[in-house]
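Participant: If you scroll down you'll find the structure; I have some questions about it.
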Amino acid sequence: MRRYARQGNYLAVKGFSLMELMVVVSIVGILSAVSLPSFSRWIQDAKTRTTAEALQNGIRLAQVEALKNGAPVQFFLTSDNNPTLNSTPSASGTNWGIQVLSTTIPNSAVTFVQGASLGDNNDGVVMTTTKPTIIFNSIGRLVTFNASGQLIGSSNATYSLSNPTLTNARQLNVVVSSTGSVRMCDPSKARATSADGC
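Shown next as structure tokens:
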């Protein structure tokens with residue numbers, strides 16, 4: 060709607076015309092259509108990163124508990140909604156738990172420390188791993204025990220996270236080395252040339 064105000068001997072027009080409004084709406088529509096695909100991809104990549112950070116933080120918490128308690132501590136993935144002592148580990152689990160293991164009874168948990176979700180808004184993010192459980196010793200290093208509780212060495216644990224519903228979606232790995240190093244990296248980049256590469 061145009062408003063008129065008298066200024067001196069002439070009328071000044073205040074406001075804007077319908078044509079000007081249509082031009083602005085058209086420009087906003089075109090810019091939205093162009094930016095929407097990259098914006099939705101950015102959101103999905105952010106979900107992948109958030110889930111990887113939640114996993115990394117849970118693993119580091121387990122490592123700190125091992126150092127604090129001076130005993131082996133197990134980090135595990137589980138499908139249980141509320142992880143508890145001796146929850147069933149699952150490689151496809153979206154929740155995690157930490158429990159202190161007995162130093163006298165092989166592979167027996169004695170204290171449940173904490174459990175949480177890898178993220179409430181991680182729709183579409185898929186994680187794959189061959190080690191749903193990892194154990195840190197009292198000095199924060201990754202160890203592996205056999206069924207009778209004997210130390211049999213250790214190897215790196217890798218958790219790969221991505222969103223398979225997207226084309227060329229960003230993939231992130233959380234790698235736990237046998238020395239206790241926990242890091243998030245991008246497998247599409249080489250570690251020799253990029254600080255965040257695998």
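In my numbering, each number is its position in the sequence shown, counted from 1, plus 59.
By construction, the Cβ of each residue, glycine as well, lies at the ideal position given by its N, Cα and C atoms.
1) Which term fits residue 186, buried or exposed, when burial requires 16 or more other beta carbons within 10 angstroms of its beta carbon?
2) Go ahead and label residue 273 buried or exposed: buried means 16 or more other beta carbons lie within 10 angstroms of its beta carbon, across all protein chains shown.
3) Where does residue 216 sit, in a helix, a strand or coil, going by DSSP?
4) What's the C-alpha gap between residue 107 and residue 123?
5) Please state the DSSP three-state secondary structure of residue 74.
6) For residue 227, count neighbouring Cβ atoms within 10 angstroms of its own Cβ and tell me buried if that reaches 16, exposed if not.
7) Excluding five sequence neighbours on each side, which residues of the same chain lie with their C-beta closer than 8 Å to the C-beta of residue 60?
8) Can you list, in chain order, the residues of its chain with a C-beta nearer than 6 Å to that of residue 178? Leave out the 5 residues immediately preceding and following it.
9) Would residue 220 and residue 184 qualify as a contact pair, given that the criterion is a beta-carbon distance under 8 Å?
Facilitator: Based on what the coordinates show:
1) buried
2) Examination of residue 273 is not possible in this model, given that the chain is present from 60 through 257 alone.
3) Assignment of residue 216 by DSSP, reduced to helix, strand and coil, places it in the strand class.
4) For residue 107 and residue 123, the distance between alpha carbons rounds to 24 Å.
5) coil
6) exposed
7) At residue 60 the pLDDT is 49, less than 50, meaning the model places this residue with poor confidence; the figure from the coordinates comes in the next sentence. Excluding residues within five positions, the ones whose Cβ falls inside 8 Å are 74.
8) 109, 110 and 113
9) yes
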